[in-house]
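Position one of the sequence shown corresponds to residue 0 (numbering that gives the first Met the number 0), numbered consecutively onward.
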Amino acid sequence: MFEDEEDEWFGADFNKQLETFNQMYENQDYQYLDADQVEIILDHLLIANQFKKAKWAADQALKHFPFNNTLLLRKAQAMSLAGELHGAIRILSKLEKMDAPNLDLLLTTAACYSQLRDSDSAIKYFRKAIDFSEGDERTEIYLDLAMEYENQKKFRDAIATLEQALKDDKRNEAIIYELAYCYEQLEDYENAVKSFLFYIDEDPYSYTTWYNLGNAYTKMGDVEKALWAYDYCTVINDEFAPAYFNMANTHMDQDDFSKALTYYKRCLEIDGDDGMVYCSLGECYEEMGEYEKAYESYTKSADLLPHLGDAWLGKGIISDLMGNFQTAISELNVALDLEPDSYNYLRALASAYENDGQLEKALETYGKAHESKESDTDIALEWMSCLSFVSCDLVAEKFESTVSLQKNDGAKLAMVYVSWMLGNQSDAIFYFEDVSQSDASLAKSLFLHFPELKSNEYFINRLEELDETDENEKL
């Protein structure tokens, strides 16, 4: 079948010509071929990624046809594709002076400069090439031009270029995705929405535009409209798994786990086993308290994507929650091997060590987690809480000697408990008031973390006041 297509494209005698040429190349004994024949062979070699052979053919043919600019261009193309970019540019510059501009020459030159990371020159030649192009080829040039602007972080110029491309080709999905990327880089989601709504008016059945509209609404925090856009996307194309996946994620953010579960399962129905989906499914089951199903989902994710740290993190957290501390420690160490700098992974491992009674390792690991993310309140709170099991005096000493802890509300909340237990009630009240001013929701978790204070009348009254303040603000 391939040979029939090749004959149709290159001519009936092409296979014989190619066989003859290959013998010449093997013997390094070039015999005269017509220029047209060589051009056809060169086109085939370039398509077949045989760049070294193509360059040799062009060099030999140019001995017979030294003024044939097409052969010279093919040589430059072979060199460019083989990575000989500077040599290719020299030939292309020579051709530009010798020959009238043409699309092939301009695109080859632009591509060379693009590979050389010379975006200014690439842009210059892509812009010239637009005037010599039409149809799908013109659209592809606009896309290449936009990507050069993106390389320069000139996202507004890229957007203008992509909008011009959409005037010629309103149904091109690649353009929509590039537009979405540019708006995201600018964090200009309002204009992204306006743009996508405009193109939906032009083509209301473009499911990719509806999908990217949903993504823009998600970035803006407009959950209702995001779900509306994703829903329209799936009405147009009910097999488009990314929309279902994002719908599931949106419902997860809203703590609507049953709906999230439905859409994650729909993704699996469409695409089959998918490690990323199974990982998200595991998180969903985890939030629903169905730990066995969560562990099963995380395990499937890890089997499909063994280098996905989050899958191993999920397994470790579930093992920890189910009381399998040694297994949890082993699984979380795998996660850390994959992502050694993850403070979330370190925090989870520290928790597993703590639950297993290995306080020394727990404290060491909490310390590493805090170093990785000094601003994280949960890590600081859990670290100081763990240390309080050893000694409240040690917590006070660590807090006083560590500047990063003195700036952390989580550590301050721990100091509320520690100060009270050490008999320093005024200090405890001071730390509590400080936390309640900067993070009221954290302050209201005091009894959750330190139930020993539940009978304390001062904190009972202050927490009731915080609740009343919240209710009044809602009204």
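Even for Gly, the Cβ is constructed at its ideal location relative to N, Cα and C.
- Note that the C-beta distance between F458 and S384 is not below 9 Å.
- DSSP, read as helix, strand or coil, puts A75 in helix.
- The distance from the Cβ of C278 to that of A240 is about 15 Å, inconsistent with a contact at the 8 Å cut-off.
- Close CB contacts of V37 within its chain, under the 7 Å cut and outside five residues either way in sequence, are with A56, A60 and L70 (chain order).
- In terms of Cβ geometry, I317 and E285 form a close pair [threshold 9 Å].
- Residue V415 holds the alpha-carbon nearest to the alpha-carbon of C391 among V415, K406, V402 and L404.
- Of the residues F154, L335, N67 and D433, the one whose Cα lies closest to the Cα of C181 is F154.
- Exclusion of the five residues before and after A77 leaves L45, F50, A53, K54 and A57 as the residues of its chain whose Cβ lies within less than 7 Å of its Cβ.
- Boundaries of the alpha helix (DSSP H) around L447: L445 to H448.
- Straight through space, the alpha carbons of L307 and E282 are spaced by roughly 14 Å.
- With contacts defined by Cβ atoms closer than 9 Å, F398 and V417 form a contacting pair.
- Assigned with DSSP and collapsed to three states, T208 falls in helix.
- Contiguous alpha helix (DSSP H) elements confined to the stretch 212 to 237 occur at 222 to 235, taking only those with 4 or more residues.
- The Cβ atoms of E172 and K218 lie no closer than 9 Å to each other.
- Taking Y176 as reference, the option from I158, I129 and R137 with the minimal CA-CA separation is I158.
- Within a 10 Å sphere around the beta-carbon of G82 sit fewer than 16 other beta-carbons, which makes this residue exposed.
- When the five nearest sequence neighbours on each side are left out, the beta carbons in the same chain lying within less than 6 Å of the beta carbon of S113 are those of A121, in order along the chain.
- A buried status is given to S194, since no fewer than 16 other beta-carbon atoms sit within 10 Å of its beta-carbon.
- The stretch 247 to 329 contains, as complete alpha helix (DSSP H) runs of 4+ residues, the segments 256 to 270, 274 to 286, 290 to 303 and 308 to 320 (chain order).
- The Cβ-Cβ distance between G274 and L312 does not fall below 9 Å.
- The alpha-carbon of S425 is positioned some 30 Å away from that of K372.
- Your pair L465 and A439 checks out as a contact, with CB atoms roughly 6 Å apart and the cut at 8 Å.
- When the five nearest sequence neighbours on each side are left out, the beta carbons in the same chain lying within less than 6 Å of the beta carbon of E201 are those of K169, in order along the chain.
- Under the DSSP assignment, S113 falls in the alpha helix (DSSP H) whose first and last residues are L102 to Q114.
- In this model, Q30 and E147 are separated by some 43 Å (Cα to Cα).
- Less than 9 Å divides the Cβ of Y231 from the Cβ of Y206.
- The beta carbon of S437 is closer than 7 Å to those of D408 in its chain, skipping five residues each way along the sequence.
- Within its own chain, the residues whose Cβ lies closer than 6 Å to the Cβ of E149, once the five positions on either side in sequence are excluded, are A157, listed in chain order.
- Collapsing the DSSP output to three states places R126 in a helix.
- In this structure, the alpha-carbon of A349 lies about 21 Å from that of T298.
- For A99, the secondary structure class from DSSP, reduced to helix, strand or coil, is coil.
- Distance from the CA of Y198 to the CA of T208, rounded to the nearest whole angstrom, comes to 7 Å.
- Scanning its chain for C-beta atoms nearer than 8 Å, with the 5 sequence neighbours on each side dropped, one finds around V434 the residues D408, K411, L412, V415, L441 and A442, in chain order.
- Excluding the 5 residues flanking it on each side, Y294 has same chain C-beta neighbours closer than 6 Å at I317, in chain order.
- Just so you know, the alpha carbons of V192 and E183 end up roughly 11 Å apart.
- For the options N48, E95, L41 and M321, the alpha carbon positioned closest to that of R73 is the one of L41.
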